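Colleague:
Residue numbers (the numbering used here): -10 to 1003.
Written as structure tokens, this is what we have:
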């Protein structure tokens, strides 16, 4: 017995050593390419905007010993636990960053990715060894699991997504132990880790573990009775939940009160777009291609063949096959993905669960390599042919794949060939496994290069060069943050529109530079802030960016206490800024300018200047009047924000505080709609001009036919003798379209259309009595927005029309290619809408239905066209991405801003809390008023804020839709707001109970073992 145990121990050590060696070799080859590409693991998208800045902030909190409570660095202010639990707080590996020198955090970020990847393999190997697979099979299965396409992809996109790849095998291991009659303690511990790690993946893992437990029960039919099994599993689950309470309870409360609580189920899909199903067959093995709905399998060829083998022996591996079929079937229905995604978007991230089943199939197959029959080999061969035929058919009966795809299919064929030869020549098992290990390793490297190599896919191009993230974090404002931080008192800041050449910001860089940037970009955002942003029709609202730059609106910025705006040096005098913001100057009268601190591939190539306003409201002040809720609800977004400067919208008791009735001074500006038909081919004369100008009608883009000529060559000979009837018909279509559109827009803009080439038409709004727009902030309000998507038929007809206008044949092969592209790239309703006016450029983006983060159908938009002292005579509108747009109404609204507005804001500033002190978890000051008032703040509302007035507790309520407020009695009072993370005390208590329960479980297990030994 002792000898058998020693042999088992040696075998175990050998298995882990072999995996470690293989991991080191594969990692060096796989990730060694980053040395050649000069890239880091930090994605230019969320990696640079979220993951790296969050790790930097987390590093600071770790060294300060403060991981809970409130932080003013997170946008308008947010709870640390609620915000960061999705990313790092529950990730045990993230805490290793504590030991990394601050100057090398970027390297620490990269190393943590590899550590997580390594432990995912260790976890799977622990699980596999319990299932008694043969050692060689375990090694192959572990490598296939560790380096699956999902893991390779998320390692450079969302590194913390590797956690469930570690936890799922551990949970399965714990379930297997319970079924074997062993202790439930490991399952409880792993359940606690899963629940504390990330609430999103905890939900997915809970469903995955439940399904695994059911399938495994029917597969092994354990000797224990069902009630006993359920009791042990339930005990483990409850203890795990208790253990995780300290983070799980606050996280769940945060999610329930977040902007994501109202997401649209499955983005409105009943079935996926047809193009999704066409892409599925090619997504099984390949990597590096654009993903569709997060389907990211990237299986090795050996894994694919193993699945074919187990499916052929369906009865023998019934419950494994049922699990595989559940995974396959789930990929076809959006509702399944939405349920697995918490009832929100149809993201297929849950497919990570399938990796366990895929590797189980691989180990099963490898265990039976010597038992393969002719029928087995036939199945493998025809299954491979079937996949290749499916890819060919889905492509439109051609192979136009990326060259890297053919490498993957070549490796699949090579693997089939090796298995066939091994059977024919009767290779030994060690020889067969050795060659398959080499092929699998080659397959893994090729899979990785699909993401990591710039020659194989686009993912590598989207990674930041080494050292750039650190430098960009430091030079984000060109050093201008130093001036902002020197200001007395609490103030907030924001980036100007187009500071980084975008209408909207998308980064958390400001949170590590002490500027109190109102921009925040997190997966979990305060729902109260989101409600406020939507109440005032902030066009930049998104679920994970509720405020953004406040659309550069004057009053919205003032209400939020934005004191400083960071702007590019070349924006002065060319870009509209909110009213009352003046450029900051030195004592000598010269503009304070910070020279550009360039960052490779990033930055804006200009220095930075600051604009500052004296109208920014303090964090806490007193409102002497309250607004009527019913009147407020009837107002539009522009009037609502103005109303909030005249009184508080308070949800609590207002005894003794008079109600004011808001009177609007906003002006509706009349206009005439003019469609720009200069680029529309609506006559035979335009057809001739179109051809003379190089198959387009924009004179600025007219090109010469000879590179040697140095002038516009628009005198080409053009003959319209052939196909004249069709050209007349097509030109007439455009004339009719323009006439109908002109009629529809007589009383105001109601429709924007594209011509019969699918080219969107540009529109101009010519204002009437334009002098009424002077000294105002101008807005364009669009309501009842509806979208006409580009159908497959639209794309086909548009190309046919373009060919006719260009006097080119629309050949059969071109028709087929147009249909192929149209089917593979179906329009999902995404579009951009841009507005150009005097000294201002703005717009909005409607994300497509396929977007899995922020999809919300915009039916109402309020766009800020900027403040100007001069009249605005013409406003240019353009759109792109869809066939057309229709509106119920389109209004131009002018909001007067001048001395009356300034006086109103200055009066509110005089009503601020005296001696205001702002610390992370505390805001204090003195309120003085002759009658009852409403304490009005721009502190995001949370039940964690508690108010005391003169030492006595006073209830808080929402003020101005989304902020902390309270009624204060007349007189002079000491006001103190303190914060504690909601649910933290309860969670800590539950965790203590969980620890006691776990200790009790260990004691009982030891006693039971001792009794058994006796």
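All residues carry an ideal CB built from backbone N, CA and C; glycine is no exception.
Fair warning: this is a prediction, and the values are worked out from it, not measured in the lab.
(1) Under a three-way DSSP split, which group does residue 775 fall into?
(2) According to DSSP, which residues form a beta bridge with residue 885?
(3) Going along the chain, which unbroken runs of the alpha helix (DSSP H) with 4 or more residues stay wholly within the segment 161 to 191?
(4) For a minimum of 4 consecutive residues, which ranges assigned as the alpha helix (DSSP H) are wholly contained in the segment 586 to 631?
(5) So, at 8 Å on beta carbons, what are the nonlocal neighbours of residue 263 in its own chain, with the 5 sequence-adjacent residues on each side left out?
(6) Pull the bridge partners of residue 823 from the DSSP assignment, please.
(7) In angstroms, rounded to a whole number, what distance separates the CA positions of residue 1 and residue 126?
(8) Compute the Euclidean distance between the alpha carbons of residue 130 and residue 351, then round it to the nearest angstrom.
(9) Can you look up residue 991 in the DSSP assignment and give me helix, strand or coil?
(10) Looking only at C-alpha atoms, which of 679, 659, 747 and 796 sits nearest to residue 755?
(11) How many Å lie between residue 490 and residue 77 at the Cα?
(12) What first and last residue would you give for the beta strand (DSSP E) that runs through residue 571?
(13) Where does residue 741 sit, in a helix, a strand or coil, going by DSSP?
(14) Alpha carbon to alpha carbon, how far is residue 147 from residue 636?
(15) Quick check: the segment 495 to 512 against the segment 532 to 550, are there 3 or more CB pairs under 8 Å?
(16) Which residues in the same chain as residue 704 place their Cβ atom closer than 8 Å to its Cβ, once the five residues preceding and following it in sequence are excluded?
(17) What does the alpha-carbon distance come out to for the pair residue 733 and residue 684?
(18) Hey, residue 27 and residue 443 are a contact pair by Cβ (cut 8 Å); roughly how many whole angstroms apart?
(19) Please tell me whether residue 237 and residue 184 are closer than 7 Å, where the distance is taken between their beta carbons.
(20) Secondary structure at residue 679, three-state DSSP: helix, strand or coil?
(21) Would you call residue 158 buried or exposed, if buried means 16 or more other Cβ atoms sit within 10 Å of its Cβ?
(22) Do residue 555 and residue 597 have their beta-carbon atoms positioned less than 7 Å apart in this structure?
(23) For residue 896 versus residue 915, is the C-beta spacing smaller than 7 Å?
(24) Which whole-angstrom value is the C-beta distance of residue 295 and residue 353, which I expect to be below 8 Å?
(25) Tell me the residue span of the alpha helix (DSSP H) that contains residue 29.
(26) Taking only the alpha-carbon atoms, compute the straight-line gap between residue 940 and residue 612 and give it to the nearest angstrom.
(27) Would you tell me roughly how many angstroms separate the C-alpha atoms of residue 6 and residue 868, rounded to the nearest one?
(28) Is the Cβ-Cβ distance between residue 142 and residue 285 less than 7 Å?
(29) Are there 16 or more other CB atoms within 10 angstroms of the CB of residue 303, so buried, or fewer, so exposed?
(30) Relative to the ligand ZN, is the shortest distance from any of its heavy atoms to the C-beta of residue 158 smaller than 6 Å?
(31) Between the Cα of residue 223 and the Cα atoms of 163, 267 and 961, which residue gives the shortest distance?
(32) From what residue to what residue does the alpha helix (DSSP H) around residue 553 run?
(33) I'd like the list of long-range same chain contacts for residue 3, defined as Cβ closer than 6 Å, with 5 residues on each side in sequence excluded.
(34) Using 7 Å as the threshold, is the C-beta distance between residue 467 and residue 583 below it?
(35) Bridge partners for residue 911 per DSSP, in chain order?
(36) Going by DSSP, what residues sit across from residue 935 in a beta bridge?
Modeller: Working from what's here:
(1) Mapped onto the chain shown, residue 775 falls at position 786. Residue state, collapsed to three classes: strand.
(2) Sequence index remark: in the chain shown, residue 885 carries index 896 (1-based). 765, per the DSSP bridge assignment.
(3) 174 to 186
(4) 618 to 623
(5) Working through the chain shown from its first residue, we reach residue 263 at position 274. Taken in chain order, the residues that qualify are 812 and 815.
(6) As a first step, residue 823 must be located in the chain shown, where it is residue number 834. For residue 823, which the question treats as bridged, DSSP gives the partners 832 and 867.
(7) In the chain shown, residue 1 corresponds to position 12, counting from 1. In the chain shown, residue 126 corresponds to position 137, counting from 1. Cα to Cα, the separation comes out at about 14 Å.
(8) Numbered from its first residue, the chain shown carries residue 130 at position 141. Numbered from its first residue, the chain shown carries residue 351 at position 362. Taking the straight line joining both Cα atoms gives about 6 Å.
(9) Reading the chain shown from its first residue, position 1002 is the one you call residue 991. Residue 991 falls in the helix class under three-state DSSP.
(10) As a position in the chain shown, residue 755 is number 766, starting the count at 1. Nearest of 679, 659, 747 and 796 to residue 755, Cα basis: 659.
(11) By one-based count along the chain shown, residue 490 stands at place 501. By one-based count along the chain shown, residue 77 stands at place 88. Distance between residue 490 and residue 77, taken at the CA atoms: about 30 Å.
(12) Reading the chain shown from its first residue, position 582 is the one you call residue 571. Residue 571 -> beta strand (DSSP E) spans 570 to 572.
(13) Numbered from its first residue, the chain shown carries residue 741 at position 752. DSSP places residue 741 in strand when its eight states are reduced to three.
(14) Taking the first residue of the chain shown as position 1, residue 147 is located at position 158. Taking the first residue of the chain shown as position 1, residue 636 is located at position 647. When rounded, the distance between both Cα atoms is 44 Å.
(15) yes
(16) As a working mapping, residue 704 is identified with position 715 in the chain shown. Because the pLDDT at residue 704 is just 48, under 50, the model does not fix this residue reliably, and the point stays unresolved.
(17) Locating residue 733 in the chain shown gives position 744, where the first residue counts as 1. Locating residue 684 in the chain shown gives position 695, where the first residue counts as 1. Whole-angstrom Cα-Cα distance: 30 Å.
(18) Translated into the one-based positions of the chain shown, residue 27 becomes position 38. Translated into the one-based positions of the chain shown, residue 443 becomes position 454. 10 Å between Cβ atoms; not a contact.
(19) By 1-based counting over the chain shown, the position of residue 237 is 248. By 1-based counting over the chain shown, the position of residue 184 is 195. It is a contact, given that the beta carbons lie within the stated cut-off.
(20) As a working note, residue 679 is residue 690 in the chain shown. Correct three-state label for residue 679: helix.
(21) Here residue 158 is taken as the residue at index 169 of the chain shown, counted from 1. Buried, since its Cβ has 16 or more Cβ neighbours within 10 Å.
(22) As a working note, residue 597 is residue 608 in the chain shown. As a working note, residue 555 is residue 566 in the chain shown. Cβ atoms of residue 597 and residue 555: closer than 7 Å.
(23) Locating residue 896 in the chain shown gives position 907, where the first residue counts as 1. Locating residue 915 in the chain shown gives position 926, where the first residue counts as 1. No, these two residues do not count as a Cβ contact at 7 Å.
(24) Along the chain shown, read from residue 1 onward, the residue named residue 295 stands at position 306. Along the chain shown, read from residue 1 onward, the residue named residue 353 stands at position 364. Going by Cβ atoms, the distance from residue 295 to residue 353 rounds to 7 Å, so yes, they are a contact pair.
(25) Here residue 29 corresponds to residue number 40 of the chain shown, with the count starting at 1. Element bounds for residue 29: not the alpha helix (DSSP H) but the beta strand (DSSP E), 28 to 32.
(26) To locate residue 940, count along the chain shown from 1; it is residue 951. To locate residue 612, count along the chain shown from 1; it is residue 623. Cα to Cα, residue 940 sits roughly 22 Å from residue 612.
(27) As a position in the chain shown, residue 6 is number 17, starting the count at 1. As a position in the chain shown, residue 868 is number 879, starting the count at 1. Taking the straight line from one Cα to the other gives about 59 Å.
(28) As a first step, residue 142 is located in the chain shown; it is residue number 153 there, counting from the start. As a first step, residue 285 is located in the chain shown; it is residue number 296 there, counting from the start. Yes.
(29) If you number the chain shown from 1, residue 303 lands on position 314. Its Cβ having fewer than 16 others within 10 Å, residue 303 is exposed.
(30) Ligands displayed in this structure: none; no statement on the ligand ZN is therefore possible.
(31) Against the chain shown, residue 223 aligns to sequence position 234. Nearest C-alpha to residue 223: 163.
(32) As a working mapping, residue 553 is identified with position 564 in the chain shown. Counting along the chain, residue 553 falls outside any alpha helix (DSSP H), though it belongs to the beta strand (DSSP E) covering 551 to 557.
(33) As a working note, residue 3 is residue 14 in the chain shown. Around residue 3: no qualifying Cβ.
(34) For the purposes of this step, residue 467 is taken as residue 478 along the chain shown, with counting starting at 1. For the purposes of this step, residue 583 is taken as residue 594 along the chain shown, with counting starting at 1. Cβ atoms of residue 467 and residue 583: closer than 7 Å.
(35) The sequence position of residue 911 within the chain shown is 922, counting from 1. 908 and 967, per the DSSP bridge assignment.
(36) Reading the chain shown from its first residue, position 946 is the one you call residue 935. Beta-bridge analysis with DSSP links residue 935 to 967.
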